[in-house]
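Novice: The structure that follows is given in the form of structure tokens.
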């Protein structure tokens with residue numbers, strides 16, 4: 001297991017998580033992921049392996065549709081940092097673009113068919 005650290009663009013929201021070395025990712029094509037990032041490049045982490053280390057009151061949540069998924073973002077810079085997905089309760093989907101030590105665009109990625117949900 002490796003510890004990863006991430007943050008939004010302005011640094012107001014920070015988090016860490018433990019996971020095996022990340023060698024692949026998931027890209028979601030649902031309506032919100034397409035609009036916020038073209039395709040969100042993410043990695044799924046069990047909730048017990050993730051810790052929000054700072055939010056400075058900046059962490060905001062957006063819900064739509066069934067309102068089961070919670071999309072978290074920084075209220076200052078607007079960066080979407082992670083999601084609590086509807087289909088896999090007890091996990092976080094971390095925006096790999098927020099992880100400094102990773103080049104998420106170079107990881108092989110599986111497309112998650114979120115637009116069919």
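In my numbering, the protein residues as written are 1 to 117.
Ideal placement from N, C-alpha and C gives every residue a C-beta, glycine not left out.
Source: prediction; values computed, not measured.
1. How big is the Cα-Cα spacing for residue 76 and residue 82?
2. Buried or exposed for residue 8, going by 16 or more other Cβ atoms inside 10 Å?
3. DSSP beta-bridge partners for residue 14?
4. Where does residue 104 fall in DSSP's three states?
5. Jot down the residue ranges of each uninterrupted beta strand (DSSP E) in the segment 58–86, minimum 3 residues, whole runs only, in chain order.
6. Throw me the rounded Cβ distance for the residue 51 and residue 91 pair, which I believe falls under 8 Å.
7. If we ignore side chains and look at the alpha-carbon of each, how far apart do residue 73 and residue 79 end up?
8. Run the CB neighbour count on residue 6, radius 10 Å, all protein chains shown included, and call it buried at 16 or more, exposed below.
Specialist: With the given structure in hand:
1. Position 76 of the chain shown, counted from the first residue, corresponds to residue 76. Position 82 of the chain shown, counted from the first residue, corresponds to residue 82. Distance from the CA of residue 76 to the CA of residue 82, rounded to the nearest whole angstrom, comes to 15 Å.
2. On the chain shown, residue 8 is found 8 positions in, with the first residue counted as 1. Result: buried.
3. On the chain shown, residue 14 is found 14 positions in, with the first residue counted as 1. In DSSP, residue 14 forms a bridge with 7 and 54.
4. As a working note, residue 104 is residue 104 in the chain shown. Three-state DSSP puts residue 104 in a helix.
5. Entirely contained in the segment 58–86, the beta strand (DSSP E) runs reaching 3 residues are, in chain order, 59–62, 70–74 and 80–84.
6. Working through the chain shown from its first residue, we reach residue 51 at position 51. Working through the chain shown from its first residue, we reach residue 91 at position 91. With 8 Å as the limit, residue 51 and residue 91 do not qualify as a contact, their Cβ atoms being about 14 Å apart.
7. As a first step, residue 73 must be located in the chain shown, where it is residue number 73. As a first step, residue 79 must be located in the chain shown, where it is residue number 79. Distance between the alpha carbons of residue 73 and residue 79 is about 5 Å.
8. For the purposes of this step, residue 6 is taken as the residue at position 6 of the chain shown. Buried.
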